[in-house]
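A.B. asks: Quick one: the structure is below, questions incoming.
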Amino acid sequence: MKIVFANPVGAIGGAERVLLTIFSALLKLQPELQLYLIVGTDGPLVEAARKLGVRVQLLTLPKAVSEFGDSALKDKNKVLAFGILLLRLITILPGLGKYVWEFHLFLRQLKPDLIHSNGIKTHLLVALAGVRNVPVIWHIHDFYQSRPLIGKIWKWISASPNLGIAISQAVAEDATAVLPGLPIKVIYNAVDVNYFSPHFPAVSSSEVPVRVGLVATFARWKGQEVFLAAAACILKAHPHLNVRFCIVGGAIYKTRGSQYSEQELKDKAFDLGIADKVDFVGFQEDIAEIYRWLDIVVHASTQPEPFGLTIVEAMACGKPVIASQAGGAAELFTHNYDAIGVAPGDSTALAAAILDLLNHPEKRRVISERARQTVSERFNDKRFGQEVIAVYHYVLNRKQNSCCSLMERKKVGDR
Ligand code: UDP
Ligand code: GLC
171 MKIVFANPVG
181 AIGGAERVLL
191 TIFSALLKLQ
201 PELQLYLIVG
211 TDGPLVEAAR
221 KLGVRVQLLT
231 LPKAVSEFGD
241 SALKDKNKVL
251 AFGILLLRLI
261 TILPGLGKYV
271 WEFHLFLRQL
281 KPDLIHSNGI
291 KTHLLVALAG
301 VRNVPVIWHI
311 HDFYQSRPLI
321 GKIWKWISAS
331 PNLGIAISQA
341 VAEDATAVLP
351 GLPIKVIYNA
361 VDVNYFSPHF
371 PAVSSSEVPV
381 RVGLVATFAR
391 WKGQEVFLAA
401 AACILKAHPH
411 LNVRFCIVGG
421 AIYKTRGSQY
431 SEQELKDKAF
441 DLGIADKVDF
451 VGFQEDIAEI
461 YRWLDIVVHA
471 STQPEPFGLT
481 IVEAMACGKP
491 VIASQAGGAA
501 ELFTHNYDAI
511 GVAPGDSTAL
521 AAAILDLLNH
531 PEKRRVISER
541 ARQTVSERFN
551 DKRFGQEVIA
561 VYHYVLNRKQ
571 NSCCSLMERK
581 KVGDR
């Protein structure tokens with residue numbers, strides 16, 4: 171079976187890590203699969219996919235298209251957001267037309283059995299490139315109701331996908347509302363539990379500071395400001411605590427206006443008077459090492475998180491996680507059992523939860539052990555690969571059945 175994946179960017183964020191996990195999980199289960207990846211911008215994903223045995227084609231998106239995004243408009247007035255989008259769309263149209271044609275020719279030449287699209291931009295490109303009789307799967311990593319674009323144009327492209335894979339129940343409910351008529355199947359993301367693993371024995375000493383870290387890309391809703399406010403709250407009440415607050419990550423996307431710069435966050439730490447207690451460690455390639463280096467991992471997204479891969483990665487590394495309990499993230503753990511949940515955006519509650527774990531190392535240990543157990547059971551890559559393959563078979567069988575019934579009807583008509 172030949173499967174073509176399409177991903178808008180070559181940078182590695184959560185959706186791309188999931189894509190890499192799909193590649194390795196599929197190839198572990200069925201090494202004979204032929205996997206191709208079309209990617210819209212260069213970046214570490216290209217090499218990482220090639221290393222796994224995937225044939226990668228870089229079809230570089232015109233700059234205006236790769237910088238085009240609607241996420242920065244999420245909180246704006248709907249009419250205004252649509253107006254801005256429309257204007258931006260008009261500016262990218264000339265480059266887009268040529269690109270769609272190239273995309274179309276490439277797909278036609280490959281003759282895939284199935285197309286698996288991994289981001290909104292490629293969902294739209296695949297729809298526009300229109301390759302007939304090839305089933306299309308949309309991997310849905312976002313809440314589309316909060317995106318101004320997709321709901322508006324759905325009626326024009328609804329014939330393109332045959333099925334949507336939603337990364338959580340919350341995403342499935344949202345997608346069902348925006349994309350009526352599209353069959354949706356929930357497949358929870360997974361991580362490689364061998365790579366994301368704890369190291370034993372954990373070294374602890376009263377001289378070494380306890381490290382509390384937020385691991386996230388610098389998208390504005392990832393809550394770095396809430397994390398800094400919580401840190402300031404703790405340090406104000408307990409100035410002599412032996413603790414360091416670490417911000418791990420960077421502005422990895424090209425989309426305009428949607429991310430913090432590191433300098434902005436450093437200025438915020440400075441304004442809060444905690445600059446000497448905060449470390450900015452930049453975007454890390456070997457992220458499992460970082461989770462192991464941290465003692466407590468915080469997820470502080472201010473909006474409901476569609477899934478929250480960092481939560482599961484940190485849990486797999488045997489770390490106690492404090493997470494914003496909303497959206498798909500709330501489906502990943504049981505509060506006070508294998509992680510701690512707090513209300514999104516509530517820096518006081520976050521400070522209290524961090525302080526509680528700082529003061530109770532035994533609680534940290536128990537939660538960490540359960541966290542690793544949960545990930546091994548629920549978010550392992552074997553389960554993931556099996557569920558993705560089952561979806562492929564479902565879609566291909568449906569296509570075959572509809573072809574057969576079409577032929578049957580034709581035969582009856584001929585008689
Ligand atoms: N990540 C990374 N290095 C960093 C910060 C983040 O590799 O310095 C990765 C992290 O391991 C995770 C992804 O970026 O796999 C973020 O995924 P998540 O689903 O949490 O959020 P997204 O940014 O995709 O919305
Ligand atoms: C998106 C979502 C994030 C999810 C990731 C992988 O980036 O924002 O919550 O974990 O995709 O599915």
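Going by the numbering used here, the letters in the sequence shown line up with residues 171 to 585, in that order.
Think of the CB as a built atom: it goes at the ideal place given N, C-alpha and C, for glycine as much as any other residue.
Hey, residue 397 and residue 419: beta-carbon distance below 8 Å or not?
C.D. replies: The count along the sequence shown starts at 1 and reaches residue 397 at position 227. The count along the sequence shown starts at 1 and reaches residue 419 at position 249. Cβ distance not < 8 Å, so residue 397 and residue 419 don't count as in contact.
A.B. asks: Would residue 308 be called buried (16 or more neighbouring beta carbons within 10 Å of its own) or exposed?
C.D. replies: Taking the first residue of the sequence shown as position 1, residue 308 is located at position 138. Buried, since its Cβ has 16 or more Cβ neighbours within 10 Å.
A.B. asks: For residue 444, report the span of its alpha helix (DSSP H) as first-last.
C.D. replies: Within the sequence shown, residue 444 is the residue found at index 274, counting from 1. Here residue 444 belongs to no alpha helix (DSSP H), and DSSP marks it neither H nor E.
A.B. asks: Taking residue 454 as the reference, which of 514, 442, 325, 386 has the closest Cα?
C.D. replies: Position 284 of the sequence shown, counting from 1, holds the residue named residue 454. Of the listed residues, the one whose Cα sits closest to residue 454 is 386.
A.B. asks: Could you check what DSSP says for residue 206 in three-state terms: helix, strand or coil?
C.D. replies: The sequence position of residue 206 within the sequence shown is 36, counting from 1. It is a strand residue.
A.B. asks: May I have the straight-line CA-CA distance separating residue 487 from residue 381, to the nearest angstrom?
C.D. replies: Here residue 487 corresponds to residue number 317 of the sequence shown, with the count starting at 1. Here residue 381 corresponds to residue number 211 of the sequence shown, with the count starting at 1. Taking the straight line joining both Cα atoms gives about 15 Å.
A.B. asks: Quick one: which unbroken beta strand (DSSP E) runs of 3-plus residues sit fully inside the stretch 380 to 446? Chain order, please.
C.D. replies: Complete beta strand (DSSP E) runs here, min 3: 380 to 385, 413 to 418.
A.B. asks: Sort 210, 306, 555 by Cα distance to residue 201 and report the nearest one.
C.D. replies: Locating residue 201 in the sequence shown gives position 31, counting from the first residue. Cα-wise, what sits closest to residue 201 is 555.
A.B. asks: Between the stretch 338 to 348 and the stretch 310 to 319, are three or more C-beta pairs nearer than 8 Å?
C.D. replies: Judged by Cβ distances under 8 Å, the stretch 338 to 348 makes contact with the stretch 310 to 319, as three or more pairs qualify.
A.B. asks: Shorter than 7 Å, the distance from the beta carbon of residue 457 to the closest heavy atom of ligand 1, or not?
C.D. replies: Counting from 1 along the sequence shown, the entry for residue 457 is found at position 287. Yes, Cβ of residue 457 sits closer than 7 Å to a heavy atom of ligand 1.
A.B. asks: Taking all protein chains shown into account, do 16 or more other C-beta atoms lie within 10 angstroms of the C-beta of residue 395, making it buried, or fewer, making it exposed?
C.D. replies: Residue mapping note: residue 395 aligns to position 225 of the sequence shown, counting from 1. It is buried - the Cβ of residue 395 has at least 16 other Cβ atoms within 10 Å.
A.B. asks: Under 7 Å from any heavy atom of ligand 2, does the C-beta of residue 311 make it?
C.D. replies: By 1-based counting over the sequence shown, the position of residue 311 is 141. Answer for residue 311: yes, Cβ within range of ligand 2.
A.B. asks: For residue 408, count neighbouring C-beta atoms within 10 Å of its own C-beta (all shown protein chains included) and say buried if the count is 16 or more, exposed if not.
C.D. replies: Residue 408 sits at position 238 when you count from the first residue of the sequence shown. By the neighbour-count rule (16 or more Cβ atoms within 10 Å), residue 408 is not buried but exposed.
A.B. asks: Compute the Euclidean distance between the alpha carbons of residue 569 and residue 289, then round it to the nearest angstrom.
C.D. replies: Locating residue 569 in the sequence shown gives position 399, counting from the first residue. Locating residue 289 in the sequence shown gives position 119, counting from the first residue. Spanning the two alpha carbons is a distance of roughly 23 Å.
A.B. asks: Going straight from the alpha carbon of residue 294 to that of residue 210, what length do you get?
C.D. replies: Mapped onto the sequence shown, residue 294 falls at position 124. Mapped onto the sequence shown, residue 210 falls at position 40. Going from the Cα of residue 294 to the Cα of residue 210 covers about 13 Å.
A.B. asks: Does the Cβ of residue 383 have 16 or more other Cβ atoms within 10 Å, making it buried, or fewer, making it exposed?
C.D. replies: Numbered from 1 along the sequence shown, position 213 holds the residue referred to as residue 383. Buried, by the Cβ-count rule.
A.B. asks: Assign residue 323 to buried or exposed, taking buried as 16 or more other Cβ atoms, counted over all protein chains shown, within 10 Å of its Cβ.
C.D. replies: Counting from 1 along the sequence shown, the entry for residue 323 is found at position 153. Burial call: exposed.
A.B. asks: Below 8 Å on the Cβ atoms is my contact criterion, and I expect residue 369 with residue 462 to pass it. Report the Cβ-Cβ distance as a whole number of Å.
C.D. replies: Against the sequence shown, residue 369 aligns to sequence position 199. Against the sequence shown, residue 462 aligns to sequence position 292. Indeed they touch by this definition, with Cβ atoms about 5 Å apart.
A.B. asks: Determine contact between the stretch 173 to 184 and the stretch 534 to 553, defined as no fewer than three beta-carbon pairs at a distance below 8 Å.
C.D. replies: The stretch 173 to 184 is not in contact with the stretch 534 to 553.
A.B. asks: When every heavy atom of ligand 1 is checked, does at least one fall within less than 7 Å of the C-beta of residue 480?
C.D. replies: Numbered from its first residue, the sequence shown carries residue 480 at position 310. Yes.
A.B. asks: Between the Cα of residue 339 and the Cα atoms of 356, 292, 561, which residue gives the shortest distance?
C.D. replies: Taking the sequence shown and counting its residues from 1, one reaches residue 339 at position 169. Comparing Cα positions, the closest option is 356.
A.B. asks: Taking the C-alpha atoms as reference points, what is the distance between residue 541 and residue 508?
C.D. replies: Against the sequence shown, residue 541 aligns to sequence position 371. Against the sequence shown, residue 508 aligns to sequence position 338. So the alpha carbons of these two residues sit roughly 5 Å apart.
A.B. asks: To the nearest angstrom, report how far apart residue 208 and residue 511 are at their CA atoms.
C.D. replies: Taking the first residue of the sequence shown as 1, we reach residue 208 at position 38. Taking the first residue of the sequence shown as 1, we reach residue 511 at position 341. Spanning the two alpha carbons is a distance of roughly 38 Å.
A.B. asks: Who are residue 308's beta bridge partners in DSSP?
C.D. replies: To locate residue 308, count along the sequence shown from 1; it is residue 138. Partner(s): 287, 334.
A.B. asks: Cβ atoms of residue 270 and residue 234: under 8 Å apart, would you say?
C.D. replies: The residue labelled residue 234 in the question sits at position 64 within the sequence shown. The residue labelled residue 270 in the question sits at position 100 within the sequence shown. No, the pair does not count as a contact, with Cβ atoms beyond the cut-off.
A.B. asks: Measure the beta-carbon distance from residue 549 to residue 358 and round it to whole angstroms, keeping in mind my assumption that it falls under 8 Å.
C.D. replies: The residue you call residue 549 lines up with position 379 of the sequence shown. The residue you call residue 358 lines up with position 188 of the sequence shown. Between residue 358 and residue 549 the Cβ distance is about 6 Å, and since that is below 8 Å, they are a contact.
A.B. asks: Pull up the DSSP beta-bridge partners for residue 505, would you.
C.D. replies: Within the sequence shown, the letter at position 335 stands for residue 505. According to DSSP, residue 505 bridges with 509.
A.B. asks: Identify which residue in 225, 399, 231 has its Cα closest to the Cα of residue 442.
C.D. replies: Position 272 of the sequence shown holds residue 442. Taking only the C-alpha atoms, the option nearest residue 442 is 399.
A.B. asks: Hey, how far is the Cα of residue 514 from the Cα of residue 222?
C.D. replies: Walking along the sequence shown from the start, residue 514 turns up at place 344. Walking along the sequence shown from the start, residue 222 turns up at place 52. So the two alpha carbons sit approximately 37 Å from each other.
A.B. asks: Would the beta-carbon of residue 188 fall within 8 Å of that of residue 205?
C.D. replies: The residue labelled residue 188 in the question sits at position 18 within the sequence shown. The residue labelled residue 205 in the question sits at position 35 within the sequence shown. No. Outside cutoff.
A.B. asks: Indicate, with yes or no, if ligand 2 has a heavy atom lying under 7 Å from the CB of residue 434.
C.D. replies: The residue labelled residue 434 in the question sits at position 264 within the sequence shown. For ligand 2, not one heavy atom lies less than 7 Å from the Cβ of residue 434.
A.B. asks: So for residue 302, helix, strand or coil by DSSP?
C.D. replies: Here the question's residue 302 lines up with position 132 in the sequence shown. It is coil, neither helix nor strand.
A.B. asks: Under DSSP, the beta strand (DSSP E) around residue 228 begins and ends at which residues?
C.D. replies: If you number the sequence shown from 1, residue 228 lands on position 58. Residue 228 -> beta strand (DSSP E) spans 225 to 228.
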